[in-house]
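Chemist: Please see the structure below; I have some questions.
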Amino acid sequence: MSVVGNAAPTRRRDAGPGPAGHPLEPTGWANPDGDPADDAGEITMYYQPQIAIATGEVVGVEALLRWRHPRRGMVDPEELIRVAEQSAVMRLLTRRVVDDVVEQLAKWSAAGIGLRAALNVSVRDLHTGEIADQIADRLASYGVPAERLQVEITEGALMADPRRVLATISHLHRIGVAISLDDFGTGYSSLQHLRRLPLSEVKVDRSFVLGMADDADDAAIVRSMIELAGALGLRVVAEGVEDERTWRMLHAAGCDAAQGWFYARPMPAEELVTWLARYRPVRPTGGHPQADSGRRPGR
Ligand code: C2E
Ligand code: MG
Ligand code: MG
18 MSVVGNAAPT RRRDAGPGPA GHPLEPTGWA NPDGDPADDA GEITMYYQPQ IAIATGEVVG
78 VEALLRWRHP RRGMVDPEEL IRVAEQSAVM RLLTRRVVDD VVEQLAKWSA AGIGLRAALN
138 VSVRDLHTGE IADQIADRLA SYGVPAERLQ VEITEGALMA DPRRVLATIS HLHRIGVAIS
198 LDDFGTGYSS LQHLRRLPLS EVKVDRSFVL GMADDADDAA IVRSMIELAG ALGLRVVAEG
258 VEDERTWRML HAAGCDAAQG WFYARPMPAE ELVTWLARYR PVRPTGGHPQ ADSGRRPGR
């Protein structure tokens with residue numbers, strides 16, 4: 018895909034050693050519109066399951082952008098987004114993400130898989146109404162019900178200027194696309210905004226979830242976030258659930274859903290179909306998860 022141009026971003030930390038002679042530091046997006054002849058690598062979406070903690074049922078997936086650079090391998094999406102956000106590239110990327118995810122939902126639907134998918138948007142995508150129009154248009158042309166799609170926006174971005182995005186998120190809400198507040202706990206939400214914005218869900222930031230099994234403060238923070246969100250009628254998803262202990266603590270705290278390596282890592286759409294076929298619901302009944310499922314959740 019040419020929109021990524023000639024950027025030289027940081028490689029993913031877990032992508033193995035970098036090729037010698039290639040700087041790993043971002044150098045900017047020198048050619049954001051790209052030369053179509055350039056081999057800029059491949060942009061693709063990975064999908065990570067979200068599981069209802071009490072029942073073990075797969076309730077949806079989060080779509081996560083991946084860029085496989087021809088020389089640098091898998092690029093850290095946070096780095097890619099940070100650089101893209103400074104230019105018109107972000108708009109193009111988001112358009113591409115919306116197209117890909119809605120098309121994928123239609124494909125899954127045709128294969129009898131009724132999944133809901135959440136996609137991430139950057140705050141500037143919400144400053145104009147264009148994205149809501151595009152989403153409405155894509156859903157209609159693929160015949161995908163709006164309830165199958167969810168839009169995630171980070172708390173920091175949303176709370177920085179809630180009024181600027183209100184029209185767009187209200188439009189999405191009206192057409193039936195739920196809004197999820199991502200990275201909850203990192204962005205100073207006011208209770209007023211949490212109550213007034215048309216939100217359906219909050220996602221507890223993984224920095225708290227990752228530490229909660231060993232750190233009493235993190236555990237207390239996560240519990241209060243779950244309680245607060247519950248009191249406001251918002252669904253709560255914990256991201257970054259890596260182990261069984263955390264999963265059990267979240268269940269005890271009343272968290273609705275979880276996403277993390279404990280269940281599965283983000284994966285390409287075709288792999289997800291195989292994962293779903295093999296997955297057996299894991300319920301926190303008190304014993305070891307194997308007692309319920311006969312196997313550990315997929316990684
Ligand atoms: P996010 O939306 O908060 O996504 C969750 C991140 O947590 C993902 O990182 C996911 O791979 C990671 N994760 C999931 N489970 C675990 C776990 O158990 N342990 C740990 N340590 N990490 C886990 P990823 O894929 O690297 O994406 C990073 C961020 O990049 C995303 O954070 C999101 O803010 C942004 N991003 C990704 N795709 C898109 C996109 O299509 N558009 C926009 N605007 N932003 C995107
Ligand atoms: Mg997200
Ligand atoms: Mg997040």
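Numbering (the working numbering), first residue to last: 18 to 316.
We put the CB at the ideal spot given by N, CA and C, even for glycine.
Predicted, not measured: the structure shown is a model, and the values here were computed from it.
1. With 16 other CB atoms within 10 Å as the buried threshold, where does Pro53 fall?
2. Alpha helix (DSSP H) containing Thr111: first to last residue?
3. Let me know if Leu267 comes out buried or exposed under the rule of 16 or more other beta-carbons within 10 Å of its beta-carbon.
4. Report, in whole angstroms, the separation of the C-beta atoms of Ala149 and His188, which I expect to be a contact under 8 Å.
5. According to DSSP, simplified to helix, strand and coil, what is Leu156?
6. Taking the continuous beta strand (DSSP E) assigned at Ile70, which residues delimit it?
7. Within 10 Å of its beta-carbon, does Asp199 have 16 or more other beta-carbons around it, so buried, or fewer, so exposed?
8. Just verifying my parser: in three-state terms, what is the DSSP assignment at Pro301?
9. How far does the beta strand (DSSP E) with Ala134 in it extend, from its first residue to its last?
10. For the beta strand (DSSP E) that contains Asp235, what are its first and last residues?
11. Beta-carbon within less than 6 Å of Ala255's beta-carbon, same chain only, minus the 5 sequence neighbours each way: which residues are those?
12. Taking Ile243 and Val253 to be in contact with their CB atoms under 8 Å, please state how far apart those CB atoms are, rounded to whole angstroms.
13. Could you name the residues whose beta carbon sits closer than 6 Å to any heavy atom belonging to ligand 2, keeping them in chain order?
14. Grab me the residues of Gly193's own chain with a C-beta within less than 7 Å of its C-beta, minus the 5 sequence neighbours each way, in chain order.
15. Using the three-state DSSP reduction, which class does Thr171 fall into: helix, strand or coil?
16. Are the beta-carbon atoms belonging to Tyr64 and Val78 less than 7 Å from one another?
17. Comparing the CB of Glu59 with every heavy atom of ligand 1, is any distance shorter than 6 Å?
Modeler: According to the structure data:
1. Along the sequence shown, one-based indexing puts residue 53 at 36. Here Pro53 scores only 40 on pLDDT, less than 50, and its place in the model should not be relied on; the value that follows carries that caveat. By the neighbour-count rule (16 or more Cβ atoms within 10 Å), Pro53 is not buried but exposed.
2. Taking the sequence shown and counting its residues from 1, one reaches residue 111 at position 94. Annotation for Thr111: the continuous alpha helix (DSSP H) segment containing it runs 106–127.
3. Looking up residue 267 in the sequence shown gives position 250. Leu267 is buried by the Cβ-count criterion.
4. As a working note, residue 149 is residue 132 in the sequence shown. As a working note, residue 188 is residue 171 in the sequence shown. So it is a contact: roughly 4 Å between Cβ atoms.
5. Here residue 156 refers to the residue found at position 139 when the sequence shown is read from its first residue. Residue state, collapsed to three classes: helix.
6. Your numbering for residue 70 matches position 53 in the sequence shown. Premise fails: Ile70 is in no beta strand (DSSP E) and is neither H nor E.
7. By one-based count along the sequence shown, residue 199 stands at place 182. It is buried - the Cβ of Asp199 has at least 16 other Cβ atoms within 10 Å.
8. If you number the sequence shown from 1, residue 301 lands on position 284. DSSP places Pro301 in coil when its eight states are reduced to three.
9. By 1-based counting over the sequence shown, the position of residue 134 is 117. Counting along the chain, the beta strand (DSSP E) containing Ala134 begins and ends at 134–137.
10. Reading the sequence shown from its first residue, position 218 is the one you call residue 235. Unbroken run through Asp235 is the alpha helix (DSSP H), 233–248; no beta strand (DSSP E).
11. As a working note, residue 255 is residue 238 in the sequence shown. Val221, Val226, Leu267, Cys272, Ala275.
12. Reading the sequence shown from its first residue, position 226 is the one you call residue 243. Reading the sequence shown from its first residue, position 236 is the one you call residue 253. Rounded, the Cβ-Cβ distance is 5 Å, consistent with contact.
13. Glu79, Asn137, Glu169, Asp199
14. If you number the sequence shown from 1, residue 193 lands on position 176. Sequence-distant Cβ neighbours of Gly193 in its own chain, meaning closer than 7 Å and more than five residues away, are Ala163, Glu164.
15. One-based indexing of the sequence shown puts residue 171 at position 154. Secondary structure of Thr171 (DSSP, three-state): strand.
16. Along the sequence shown, one-based indexing puts residue 64 at 47. Along the sequence shown, one-based indexing puts residue 78 at 61. Closer than 7 Å, so yes.
17. The residue you call residue 59 lines up with position 42 of the sequence shown. False, no ligand heavy atom lies under 6 Å from that Cβ.
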